[in-house]
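For this note's numbering, add 109 to where a residue sits in the sequence shown, where the first one is 1.
We put the CB at the ideal spot given by N, CA and C, even for glycine.
Here the structure is a predicted model, which is why all the values come from computation and not from measurement.
Taking it in order: structure first as structure tokens, then the write-up.
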Amino acid sequence: MQTRLRFTGFGSYLPERVVTNEEITEKWGVSDEWIRTRTGVRERRACKENELAYHLAVRAAREAIEDAGIDPMEIDLLIYSTMVPEYILPGMGLFVQRDLPLRSTVPCLDIRSQCAGFLYGLETANMYLGSGKYRTILLICAERQHEYFTLYESTAPIFGDAASAVILRHEPVEGEERGLLDLALFADGTGTDHAITAAGTYPFEHLEGADLSEWRRALKRITPQMREKGHFLCWSGRQIFQTAVKRMVECTRDLLDRAALSISDIDHFLFHQANERINQAVAQRLEIPAEKLLWNIETYGNTTSATIPLLLEENRRVGVIRDGDLVLMCAFGAGYVWGAALYRF
Numbered sequence: 110m111q112t113r114l115r116f117t118g119f120g121s122y123l124p125e126r127v128v129t130n131e132e133i134t135e136k137w138g139v140s141d142e143w144i145r146t147r148t149g150v151r152e153r154r155a156c157k158e159n160e161l162a163y164h165l166a167v168r169a170a171r172e173a174i175e176d177a178g179i180d181p182m183e184i185d186l187l188i189y190s191t192m193v194p195e196y197i198l199p200g201m202g203l204f205v206q207r208d209l210p211l212r213s214t215v216p217c218l219d220i221r222s223q224c225a226g227f228l229y230g231l232e233t234a235n236m237y238l239g240s241g242k243y244r245t246i247l248l249i250c251a252e253r254q255h256e257y258f259t260l261y262e263s264t265a266p267i268f269g270d271a272a273s274a275v276i277l278r279h280e281p282v283e284g285e286e287r288g289l290l291d292l293a294l295f296a297d298g299t300g301t302d303h304a305i306t307a308a309g310t311y312p313f314e315h316l317e318g319a320d321l322s323e324w325r326r327a328l329k330r331i332t333p334q335m336r337e338k339g340h341f342l343c344w345s346g347r348q349i350f351q352t353a354v355k356r357m358v359e360c361t362r363d364l365l366d367r368a369a370l371s372i373s374d375i376d377h378f379l380f381h382q383a384n385e386r387i388n389q390a391v392a393q394r395l396e397i398p399a400e401k402l403l404w405n406i407e408t409y410g411n412t413t414s415a416t417i418p419l420l421l422e423e424n425r426r427v428g429v430i431r432d433g434d435l436v437l438m439c440a441f442g443a444g445y446v447w448g449a450a451l452y453r454f
């Protein structure tokens, strides 16, 4: 009997603290209108002091487990996606495993695929489930990044904190076109120096192929607070914007062509919520009607790998996404990494 990957439970958690554009303008001197017209963000969530991403992850995971109606002991693999982990080692998934009522020996796998982390996590889970060794997988995307990115004028308005979780299984489809229908992933390492954080064990000056002129400009913006944190960001926003639009358009078209589908066949498009202008440019090039696009960047900002599962959970909960709906998910992240997936509920 044919089986496909299915979402069997959703969960999410957002920190209580709301950061409005007014708070950003007070620090950096940019206007609320400037932020909204360039990013689409009106407000975002931020963790409290000592509230870490894995704390959000545990709450989201508990909600997903309850939504799936399963015993936590049924989970036999935990996949954890994050862009800016609090610790270089050990892997962050281990902290979640420790704080959830899972079997004490459940394997944990961390994924570092930036804003495309959810799609990379889906593909990874699909392969593990397809092997027959695993039956129930918990995939979590958790990000605590607002505090870090507010150190930089160009990124301060964009990023928010959040966690989303899904329970995944391979289930019989009985001839129905339901579940994960197709998924395609891509990467291009020539973009590594366009968005990079120097926080590891190797000096950034020795990065092979790095645009050192961009690094020197970044160095001039380093503050004592950044030095105290021990890391800083080099960010080429214009290059990222152009490449994101190009790649998202390409992989969306390719996925539709492979499935012999058109834009009109898709009920909802869930694009990674990086920047409203990026998604509008993609939608314009693909001629996607506005009513087919789902958004939450206005209220949560860019929550990197958590944006798509957060969109899924919210719109499923309020009934926007219903049984039988066909959704197309697409994400692009630093490095570069990107991908797209087709899923029918």
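Exercise. Would you call the CB atoms of arginine 287 and glutamate 160 closer than 9 Å?
Worked result: no
Problem set entry | Own chain, CB closer than 7 Å to arginine 367, minus 5 neighbours either side, in chain order | Asp291
For this session: Determine, using beta carbons only, whether glycine 284 and glutamine 111 come nearer to each other than 9 Å.
Result: Contact: yes.
For this session: For isoleucine 133, I'd like the list of residues in its chain whose CB is within less than 6 Å of its CB, leaving aside the five on either flank, ordered along the chain.
Result: Ala265 and Pro266
Exercise. So does the stretch 181–195 actually touch the stretch 144–159, counting three or more Cβ pairs closer than 8 Å?
Worked result: no
Problem set entry | proline 210, buried or exposed, once every other Cβ within 10 Å from all chains shown has been counted against 16 | exposed
For this session: Mind reading off the beta-carbon distance from alanine 169 to histidine 255? Whole number of angstroms is fine, and I expect it under 8 Å.
Result: About 17 Å separates the two Cβ atoms, so there is no contact after all.
Exercise. Cβ of leucine 435 within 9 Å of Cβ of threonine 361?
Worked result: Contact: no.
Problem set entry | Rounded Cβ spacing between glycine 444 and glutamine 223 (contact assumed at less than 8 Å) | 6 Å
For this session: Could you tell me whether the Cβ atoms of isoleucine 184 and isoleucine 305 are closer together than 9 Å?
Result: no
Problem set entry | Nearest to isoleucine 249 (by Cα), restricted to the options Leu123, Ser273, Glu422 and Ala449 | Ser273
Exercise. Tell me which same chain residues have a C-beta within less than 7 Å of the C-beta of threonine 245, skipping the five on either side of it?
Worked result: Ile179, Glu183, Ile184, Asp185, Ile276 and Arg278
For this session: Return yes when the Cβ of phenylalanine 119 is within less than 9 Å of the Cβ of leucine 421, no when it is not.
Result: Remark: C-beta atoms of leucine 421 and phenylalanine 119 approach each other more closely than 9 Å.
Problem set entry | Boundaries of the alpha helix (DSSP H) in which valine 282 is found, first to last residue | Per DSSP, valine 282 belongs to no alpha helix (DSSP H) and is neither H nor E.
Exercise. Where alanine 440 and tyrosine 229 are concerned, what is the direct C-alpha to C-alpha distance, given to the nearest angstrom?
Worked result: Going by the C-alpha atoms only, they are around 10 Å apart.
Exercise. Roughly how many angstroms separate the alpha carbons of aspartate 208 and aspartate 219, rounded to a whole number?
Worked result: 16 Å
For this session: Determine the contact status of alanine 403 and alanine 271, defining contact as a CB-CB distance below 9 Å.
Result: The residue asked about is misnamed: residue 403 is leucine in this sequence, not alanine. Not a contact, by the Cβ cut-off of 9 Å.
Exercise. Quick one: is valine 412 buried, meaning 16 or more other Cβ sit within 10 Å of its Cβ, or exposed?
Worked result: One detail in the question is off: residue 412 reads as threonine in this sequence, not valine. That one is buried.
Exercise. Among residues of its own chain, excluding the 5 on either side of glutamate 396, which ones have a beta-carbon nearer than 8 Å to its beta-carbon?
Worked result: Ile372
Exercise. How big is the Cα-Cα spacing for proline 181 and leucine 451?
Worked result: 28 Å
Exercise. Going straight from the alpha carbon of serine 242 to that of methionine 201, what length do you get?
Worked result: The amino acid occupying residue 242 in the given sequence is lysine; serine does not appear at that position. Computed Cα separation, rounded: 23 Å.
Exercise. Quick one: Cα of isoleucine 417 to Cα of tyrosine 257, how far?
Worked result: 22 Å
Exercise. Can you tell which of Ala251, Met357 and Gly269 has its C-alpha closest to the C-alpha of proline 194?
Worked result: Ala251
Problem set entry | 8 Å contact criterion, which arginine 153 and valine 128 should meet: CB distance rounded | Your pair arginine 153 and valine 128 checks out as a contact, with CB atoms roughly 5 Å apart and the cut at 8 Å.
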